[in-house]
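Last residue of the sequence shown: 1041 (the numbering used here), numbering continuous.
Every residue gets a Cβ at the ideal spot worked out from N, C-alpha and C, and that includes glycine.
Take a look at the structure set out below.
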Amino acid sequence: MQSGEYENTKIKLPVLRYLVLFIIFLCLVSGCEPNSADSVVLLQKARTALSEKDFERAISLATEVSVNAPERSESLLLAGEAAMRSQRFSDALKYFQLVIDFEGENKHTKLARFSSAEVYRELGQLTNAIQFYQQVLQANPDNVATHERLAFLLSTTGARWEALPHFFFLVRSGSATINELAIFADLDRHVEHKPFLESCLLKSKKDSYVRFGLAAHRFWDGDPAKAKESLSQIVEETPKLISAQAMLGELLLDEKEEQFTHWHQGLPEVAEAHPDIWYVRGLWARRHDKRQMAAHCFWQCIRRDPRHRRATVQLSQVLASLDDNSTAVFRERAIEMVELTQQVDDVLRSNGLNEAAFQRTLELLEKMGRIWEACAWGVVARDLFSTADWPQENLTRCAPLLNRDLPLVQDAQNLAKKNDLSSYPEFQLPQINLHLSAGETEAPVDALIQFSLSSNGIDFTYFNGPDPSTRGVRVFESNGGGVAVVDFDGDEWPDLYFTQGAEWKSGKREPSPSRIYTDRLFRNVGDSFEEITVQSGLGNQGYGQGPTVADFDNDGFPDLYIANIGRNRLYHNNGDGTFEDVTDKCGLTGEQWTASCVVVDLNADGLPDVFDVNYLMGQNVYTAICEGLACSPSVFVGTPDRLHLNQGDGTFKFIPDMTPVSGAKGLGVVASNLHDRERPSLFVANDQTPNFLLQASGTDDASGIRMENRGFIDGISHNEDGLAMACMGIAADDVDGDGRIDFFVTNFKDESNTLYLQDTEGLFFDATKKAGLAGPSWPFVGWGTQFLDADLDGAVDLVVVNGHVDDYRDRGGEYQMRSQFFKNRGSGQFTELFADDVGPWFEKKILGRGLARLDWNRDGLMDFVVSQIGEPASLMTNRTAGSGNFISIQLIATKSARDAIGSSVEVVVENRRWKKQLVAGDGYLSSNQRMLQFGLGKAEFVKELQISWPSGGESIMKNLPVNVTLKVVEEGANFTLWRNSDLEIPGAEVILEYQKNALNSNALLEY
């Protein structure tokens, strides 16, 4: 320990017995006052009592020392330590305060302040503790122990930026531990010490920092309502706690404009210096589509903290959308920062023993000009990996650069200094009269949401080919099967197709075909289903994964494309109720493990193309069982996805090198139009690797197509912490009512599911915590998921099915898991409803996998169907009472691929409007009913309905009834006008079928 430091948790004073007699002798010889000699003796006795843990005697003796004696301060310090060790904290504080008041600034008063801070920390009074530690640094700015305390307390309570100088001191002094280095490397990382904060709260319920820390944990854990309530109280009481202000501001971004403005107007002047305030301003500007202003704000943030990862990522996205010249450098830095987060995470997971992650961390720090940190990591690495050369090589390069004036980030690598973005508009809120009333709003739908299990003739159980002779499961046994909704016979009643597994003997590299285990087709006959697999000509005998429905030849009849482990199958709908296997004829030859698939026109030639989302490969991928349990996908190599272009003659051509090779471990997929109205983007959910967002575009080469991975720059590859999750299912819809499509992704246990909101055209951000969807997902392994408006109030709700990958019950875990339903309270805020609210099926534990959305009984209430491992599939019928009205839309394109994927439909009623997009892929191993449904709440008619087709055409209809289903065929001009039950379509033949159903008033209008 260096001179001037205080030891970790208690005061230790040397006991030098032989000096006492010598001091007394000197006093006698030199004429010392008797009370001085007495004080020395008393102090020595008090020290002895303290060493013998006789705390009461130590206090009694120490406090007998004369007030005027030179030993008075030491005796009070000793009394304070004895009081601390005997849990008499108020007395300890009294003694330490006497020292502070007794004499001027010296070593005793410094130690008294430090000790007082220790007592306050023990009492849970973190605000006082922080203040006293800061007083210590004012007198002794180089005290390592105090910097360590402040770094811990400030980062733990959410005041991460305030903790930065203290971490930096520890780095520069060579005192930082590996955990401290890890936290400092990415201060945007959540520092979770909830038990410590909860223990502090029990002792000090009103402490601002304690309450802030717990509010931050609520925010991180996905409980935004309680976090906002706590933060509002905290900033009202302590407005200069700027980190709390910034967190509250981030939560208020999703509230009414007046609330955010009121918060911003109340910020103290010192807030201008805080990077997180500028980060929140940037988010506000971005969400209001003020991208130039957003760029200015994010730039201001990283001027103050060039290591601010979230701001750097946001800035790189915004600059890309502005086509700014500095986009490339900020994008590269953002990628480096995200990778650093991942590498540091790997270091922590391995307790510092992952040498590759450790080395890459040093490389990234050095590359980003963070030389102080690189050297500190290098010193630790030299001790941990003593036989390796790279730690010393790092130190040889970096150590000579260290000097007193070297900043945290070298000027040459400080992008905010090298790239001046001050010319972009400064932050400015619009003028809002805070006293204006919000105006009248539509009365909410008062509905009782209920789902019930309906067998209705569906007798299907997914068989995953388990080997009962071995413990654990092979990796393919965990993924389960999927389900597709297909009206194969054109009778407007949605039918169901389930993929099936196969017998697969242990040690074999491929399954055994069997007529017992085949895919199944169930025909909807109105009130029930009947199996007609054999009659239809179907019966895929491969190891089935995800099916998709698409009209690949544009003949008006939906076809089926089936993903398998092994060769996929394409079944052509003959139009007479039967299918033909045309896989060989079409030239589809891939033999990979395909999880999900999508058939959609990617090159805008009007012909739907085939895209395989592939998963894993490797010599033992089908045989390995890891330590008697299911293997993690991390032990296998990913398989690149495959693109097959439709040649228009009934064949497909495989186009190599179209998709990323690195990190390709795809499970789910959704096709939607984000950046190009004619060419869709493919959102691929990858398992433990960054997600892809593959944007199709045209080229001049022979393939005529290019697939650019925009996952990172569009904000959809990682979660907000910069980590790649174990992603599986995807749900797609407009969650917050802003007219833009959003995505929800299911993840593994102990990882939050992720909600990506599209707040600016083509740009997404992780809104999981603020939506209330983070905390409820932690205990579950999520698979299939879909949005559906259960009560037709105009806000889409969410269904998630769960189930573990192996049986962990003998270890206190789970295997089967219950499913979840989340009610959208409006503007993308969700609340989980449980079995008592929505039906007993939601408390049943299953191995849920594929999940598809449909209205199987045509009552206007959206249902869903689930494929389950080892148990019969669940058809869940929506029985909600008191629901709102609706309008459903089916689209047929004539100037592009017939399925009309990527079309957008906008519906306007008296005081609200909605916009949705027709997508394909539908997430994990499933294919939904190809229909858009709009919950209309209490609206009694539709003022206007506008369709934007992929071809660029528009169709407009006005004054439409509610509770109907429209089937609309694309024509050459805007058409369709509803007047007094007369439908006028200029230039088009009118076919009108308007049937009132006595039970539900749903009808079918066909144009």
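In terms of alpha-carbon separation, which member of the options lies closest to residue i?
i: Glu526; options: Glu86, Asp956 and Ser922; result: Ser922
i: Val976; options: Gly957, Glu940 and Thr421; result: Glu940
i: Asp767; options: Lys949, Ala163 and Ile550; result: Lys949
i: Pro340; options: Gly516, Leu885, Ile492 and Leu221; result: Leu221
i: Ala760; options: Phe814, Leu716 and Leu966; result: Phe814
i: Pro441; options: Arg122, Thr819, Arg338 and Val101; result: Arg338
i: Asp956; options: Gly860, Arg774, Pro724 and Val633; result: Val633
i: Phe821; options: Glu848, Phe798 and Gly862; result: Gly862
i: Asn513; options: Leu455, Gly578, Tyr458 and Ser456; result: Gly578
i: Glu712; options: Gly773, Thr657, Ser384 and Gly936; result: Gly936
i: Lys929; options: Arg946, Lys239, Glu1005 and Gly894; result: Glu1005
i: Ser489; options: Gly971, Pro906, Met371 and Gln792; result: Pro906
i: Gln1042; options: Val520, Arg543, Ser562 and Asp493; result: Only positions 35 to 1041 of the chain appear in the structure, and residue 1042 is not among them; the question remains open.
i: Ser540; options: Tyr656, Gln484 and Tyr605; result: Tyr656
i: Ser696; options: Tyr649, Gln681 and Arg883; result: Tyr649
i: Asn437; options: Ser207, Leu418 and Ile747; result: Ser207
i: Gly771; options: Gly682, Leu198 and Leu970; result: Leu970
i: Ser209; options: Ala179, Glu232 and Thr190; result: Ala179
i: Leu236; options: Gln462, Lys857 and Gly158; result: Gly158
i: Ser669; options: Val704, Asp721 and Leu265; result: At residue 669 the sequence reads Val, which differs from the Ser that was named. Comparing Cα positions, the closest option is Asp721.
i: Pro502; options: Pro229, Thr495 and Glu511; result: Glu511
i: Arg543; options: Pro229, Thr272, Met651 and His251; result: Met651
Below 8 angstroms on the Cβ atoms is my contact criterion, and I expect residue i with residue j to pass it. Report the Cβ-Cβ distance as a whole number of Å.
i: Ile659; j: Thr504; result: 6 angstroms
i: Gly738; j: Arg676; result: With a Cβ gap of about 17 angstroms, Gly738 and Arg676 do not count as contacting.
i: Ile826; j: Ser917; result: One point to set straight first is that residue 826 is Leu, not Ile, in the sequence displayed. About 4 angstroms; that satisfies the 8 angstroms criterion.
i: Ser1042; j: Thr914; result: Not covered by the structure: residue 1042. The range shown for the chain is 35 to 1041.
i: Trp411; j: Asp310; result: No, Trp411 and Asp310 are not in contact; Cβ-Cβ is about 26 angstroms, not under 8 angstroms.
i: Phe218; j: Phe201; result: 4 angstroms
i: Gln963; j: Asp889; result: 7 angstroms
i: Arg740; j: Thr733; result: 5 angstroms
i: Ser94; j: Ser73; result: Not really, about 14 angstroms apart at Cβ, beyond 8 angstroms.
Just to confirm before moving on: does the CB-CB distance between residue i and residue j stay below 9 angstroms?
i: Gln902; j: Gly837; result: yes
i: Ser751; j: Ser786; result: no
i: Leu881; j: Val899; result: no
i: Lys687; j: Gly621; result: yes
i: Arg557; j: Phe522; result: yes
i: Ile134; j: Arg147; result: yes
i: Gly247; j: Gly283; result: no
i: Leu895; j: Val942; result: no
i: Leu287; j: Arg343; result: no
i: Gln393; j: Ala415; result: yes
i: Leu716; j: Leu636; result: yes
i: Ile596; j: Gly576; result: yes
i: Met327; j: Phe461; result: yes
i: His251; j: Ser277; result: no
i: Leu925; j: Ile990; result: no
i: Phe645; j: Val703; result: yes
i: Asp800; j: Gly749; result: yes
Between which two residues does the alpha helix (DSSP H) containing residue i stretch?
i: Gln169; result: Leu160 to Ala173
i: Asp310; result: Pro309 to Arg321
i: Gln653; result: It is not in any alpha helix (DSSP H) - Gln653 carries neither H nor E in the DSSP assignment.
i: His200; result: Arg194 to Ser207
i: Glu1005; result: Element bounds for Glu1005: n/a, residue is neither H nor E.
i: Lys857; result: From DSSP, Lys857 is part of no alpha helix (DSSP H) but of the beta strand (DSSP E) over Gln854 to Asn858.
i: Pro995; result: Per DSSP, Pro995 belongs to no alpha helix (DSSP H); it is in the beta strand (DSSP E), Glu988 to Pro995.
Mind checking which residues open and close the beta strand (DSSP E) that includes residue i?
i: Phe246; result: Taken as a continuous stretch (DSSP letters only), Phe246 belongs to no beta strand (DSSP E), being part of the alpha helix (DSSP H) at Ser242 to Trp254.
i: Ser706; result: Gly700 to Ser706
i: Phe968; result: Leu966 to Gly971
i: Phe497; result: Premise fails: Phe497 is in no beta strand (DSSP E) and is neither H nor E.
i: Asp767; result: Ile764 to Asp767
Runs of beta strand (DSSP E) lying entirely within the stretch 713–739, each at least 3 residues, in chain order: Correct list: 715–720 and 726–731.
Uninterrupted beta strand (DSSP E) stretches inside the stretch 98–125 (no shorter than 3 residues): Listed in chain order, the beta strand (DSSP E) runs fully inside the stretch 98–125 amount to none, counting runs of at least 3 residues.
4 or more residues per run - each alpha helix (DSSP H) lying fully within the stretch 571–632: Correct list: 617–620.
Continuous alpha helix (DSSP H) assignments of at least 4 residues falling wholly in the stretch 497–575: Here the runs fully enclosed are 567–570.
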